[in-house]
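Each remark here refers to the structure printed beneath this line.
Number of protein chains: 2
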Amino acid sequence: MNAKVWLVGAGPGDPELLTLKAVRALHEADVVMIDDLVNDAVLEHCPAARVIPVGKRGGCRSTPQAFIHRLMLRYARQGKCVVRLKGGDPCIFGRGGEEAQWLRERGVEVELVNGITAGLAGATQCDIPLTLRGVARGVTLVTAHTQDDSQLNWQALAQGGTTLVIYMGVAKLGEIRDQLLAGGMAADTPVAMIENASLAHQRECRSDLSAMAEDASAFELKSPAILVIGAVAAVVEEQKIAAFGSSCTAYGVQAL
Amino acid sequence: MNAKVWLVGAGPGDPELLTLKAVRALHEADVVMIDDLVNDAVLEHCPAARVIPVGKRGGCRSTPQAFIHRLMLRYARQGKCVVRLKGGDPCIFGRGGEEAQWLRERGVEVELVNGITAGLAGATQCDIPLTLRGVARGVTLVTAHTQDDSQLNWQALAQGGTTLVIYMGVAKLGEIRDQLLAGGMAADTPVAMIENASLAHQRECRSDLSAMAEDASAFELKSPAILVIGAVAAVVEEQKIAAFGSSCTAYGVQAL
Chain A
1 MNAKVWLVGA GPGDPELLTL KAVRALHEAD VVMIDDLVND AVLEHCPAAR
51 VIPVGKRGGC RSTPQAFIHR LMLRYARQGK CVVRLKGGDP CIFGRGGEEA
101 QWLRERGVEV ELVNGITAGL AGATQCDIPL TLRGVARGVT LVTAHTQDDS
151 QLNWQALAQG GTTLVIYMGV AKLGEIRDQL LAGGMAADTP VAMIENASLA
201 HQRECRSDLS AMAEDASAFE LKSPAILVIG AVAAVVEEQK IAAFGSSCTA
251 YGVQAL
Chain B
1 MNAKVWLVGA GPGDPELLTL KAVRALHEAD VVMIDDLVND AVLEHCPAAR
51 VIPVGKRGGC RSTPQAFIHR LMLRYARQGK CVVRLKGGDP CIFGRGGEEA
101 QWLRERGVEV ELVNGITAGL AGATQCDIPL TLRGVARGVT LVTAHTQDDS
151 QLNWQALAQG GTTLVIYMGV AKLGEIRDQL LAGGMAADTP VAMIENASLA
201 HQRECRSDLS AMAEDASAFE LKSPAILVIG AVAAVVEEQK IAAFGSSCTA
251 YGVQAL
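Heads up: the sequence lines are chains A and B, in that order. According to the UniProt record's numbering, the first sequence is numbered sequentially starting from 1. According to the UniProt record's numbering, the second sequence is numbered sequentially starting from 1.
Take a look at the structure:
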């Protein structure tokens, strides 16, 4: 019996950003339950496992959470090694904490494996360091998704002095802009909006806080995307402008 | 000629948390420049490379940053493939942004590889989800290190509603406590202090905001350690107390 559930972060999309521990979990898996946002390419590490798609996306047809819970429990009780593969990291907007708790309450052994979160990988691929001495002494990751009923204090977020990385914000750009402006953030604060972070078809739209909703619309920005808001989002841009003498506010970069 | 500098995150310590891309970079390396906090075990992936320790630690004898810059440049100009191996992620308190900029200005090709940051791995090993629906809709990572002259707004951090993860804070626990209390954070806000995150000798001290400095002192908490401040730090604790009917404020957990 190797009954166990691994809650594994598959990283942001680039299959090379999988950790060695995630690869080991996949090798050991009898059953792999895979989220929508996970790149199928990582399944090369579990050729013999049974693969079950259990996608969940806001606004689309999706697998209910309770069903996912019961499925994990059923396979674990059959003595199977189950890998639940999530985009990014299981404990950063990944429900890893909830699922681990639910399974452990039912006597199932759970092991969590960290993954690279999309906000970090997307920013890095755009040459944006999330922290930078003299510019940003920290970074805040938040979700704009409203199914989470905990409160965000946008005024505090606007004034914290950290780089702001917002997940699941594409449908709420106008609202985010209004909240941050009302909270005292400068209208010309640089913004990078990054679609399909770390994948070959990553696209990137540069803007600022006041113009981001319009620029995203013109760019046809689509989910999944992350927003990076703060001075770091313009640091490399400014170097490029200094070097090439040109400026731009919104453009796409293919296969960075 | 494969002249190039890879700025690679080696993760928090557990060598299995290295990414596949980091392993590839190590395989290609002629020269590996390794930071203090990187676990030597990852060097198994570059048996033929020349390994140069370039440790930097606050308060200790360390390698000057300018020397590290020049060394990377010299090897790259000799046509060598250089891997600069950093603890955690190169762009989260890792100076990756600065080093990439400096090298690119001198015509050197640079590639950044993300790593799992210590705050995330340490929390996960203690069963603390950094975000949790209904409890914390985001997470803020900040450094308490004063060599960074950018400003932190502690009042905003105290009120943002995100889980707070503080790096390099062991020597400043009293100051952090005072700032957060003055900013309006509740005195009984749960705190987990995690030494040597993700390593076999990880140790963990649970406390709350008002008592954390005294509890850390009694626990003999040492650097490197991260602080996790927020309601998520008590969620699993509360479950354990509910299950076993006992309570505790500070204890050590070996080899989690």
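Glycine residues also receive a C-beta, built at the ideal position from the N, C-alpha and C atoms. Nothing here was measured: the structure is a model prediction, and the numbers come from that model.
Neighbour list for residue i in chain B, Cβ cutoff strictly below 9 Å
i: residue 97 (chain A); result: 127, 128, 129, 130, 131, 132, 133, 135, 232, 235, 236
i: residue 189 (chain A); result: Per Cβ cutoff of 9 Å: no residues; residue 189 (chain A) is ~15 Å from chain B at best.
Residue i Cβ short of 7 Å to the ligand FAD heavy atom set
i: residue 163 (chain A); result: In the structure on display, the ligand FAD does not appear, and there are no ligands present to speak of.
Sub-8 Å separation of residue i and residue j beta-carbons
i: residue 163 (chain A); j: residue 228 (chain A); result: yes
i: residue 121 (chain A); j: residue 20 (chain A); result: no
i: residue 213 (chain A); j: residue 174 (chain A); result: yes
i: residue 135 (chain B); j: residue 51 (chain B); result: no
i: residue 183 (chain B); j: residue 158 (chain B); result: yes
i: residue 82 (chain A); j: residue 22 (chain A); result: no
i: residue 49 (chain B); j: residue 31 (chain B); result: yes
i: residue 337 (chain A); j: residue 103 (chain A); result: This structure does not reach residue 337 (chain A), given that chain A is present from 1 up to 256, and the question cannot be answered.
i: residue 142 (chain B); j: residue 223 (chain B); result: no
i: residue 125 (chain A); j: residue 207 (chain A); result: no
i: residue 9 (chain B); j: residue 127 (chain B); result: no
i: residue 139 (chain A); j: residue 92 (chain B); result: yes
i: residue 201 (chain A); j: residue 168 (chain A); result: no
i: residue 186 (chain B); j: residue 156 (chain A); result: no
i: residue 53 (chain B); j: residue 68 (chain B); result: no
i: residue 45 (chain A); j: residue 71 (chain A); result: no
i: residue 116 (chain A); j: residue 116 (chain B); result: yes
i: residue 99 (chain A); j: residue 84 (chain A); result: yes
i: residue 55 (chain B); j: residue 36 (chain B); result: yes
i: residue 106 (chain B); j: residue 152 (chain B); result: no
Residue range of the beta strand (DSSP E) that includes residue i
i: residue 36 (chain B); result: Taken as a continuous stretch (DSSP letters only), residue 36 (chain B) belongs to no beta strand (DSSP E), as it is neither H nor E.
i: residue 226 (chain B); result: 225-229
i: residue 164 (chain B); result: 163-167
i: residue 54 (chain B); result: That residue, residue 54 (chain B), is in no beta strand (DSSP E); it is neither H nor E in DSSP.
Coarse secondary structure for residue i, derived from DSSP in three states
i: residue 70 (chain B); result: helix
i: residue 217 (chain A); result: helix
i: residue 136 (chain A); result: strand
i: residue 12 (chain A); result: coil
i: residue 235 (chain B); result: helix
i: residue 152 (chain A); result: coil
i: residue 43 (chain A); result: helix
i: residue 199 (chain B); result: coil
i: residue 145 (chain A); result: coil
i: residue 160 (chain A); result: coil
i: residue 257 (chain B); result: Chain B is shown from 1 up to 256; residue 257 (chain B) falls before or after that span and cannot be answered.
i: residue 115 (chain A); result: coil
i: residue 100 (chain A); result: helix
i: residue 186 (chain A); result: coil
i: residue 211 (chain A); result: coil
Residues that residue i bridges to, as DSSP identifies them
i: residue 205 (chain A); result: A:193
i: residue 84 (chain A); result: A:7, A:33
i: residue 75 (chain B); result: In DSSP, residue 75 (chain B) forms no bridge with anything.
i: residue 128 (chain A); result: Beta-bridge pairing links residue 128 (chain A) to no other residue.
i: residue 110 (chain A); result: A:5
i: residue 92 (chain A); result: Answer is none; residue 92 (chain A) lacks a bridge partner.
i: residue 19 (chain A); result: B:19
Chain-ordered neighbours of residue i on chain B, where CB pairs are closer than 8 Å
i: residue 121 (chain A); result: 114
Cross-chain neighbours of residue i in chain A, by beta carbon under 9 Å
i: residue 24 (chain B); result: 16
i: residue 89 (chain B); result: 116, 120, 124, 130
Residue range of the alpha helix (DSSP H) that includes residue i
i: residue 120 (chain B); result: 118-125
i: residue 176 (chain B); result: 173-182
Proximal residues of chain B, C-beta to C-beta of residue i below 7 Å
i: residue 229 (chain A); result: None at all; the shortest Cβ gap to chain B is about 13 Å.
8 Å Cβ cut-off: residues of chain A touching residue i
i: residue 92 (chain B); result: 120, 130, 131, 139
i: residue 63 (chain B); result: Ordered by position in chain A, no residue passes the 8 Å Cβ test against residue 63 (chain B), which lies about 17 Å from the chain.
Contacts of residue i in chain A (Cβ-Cβ under 7 Å)
i: residue 21 (chain B); result: 16, 17
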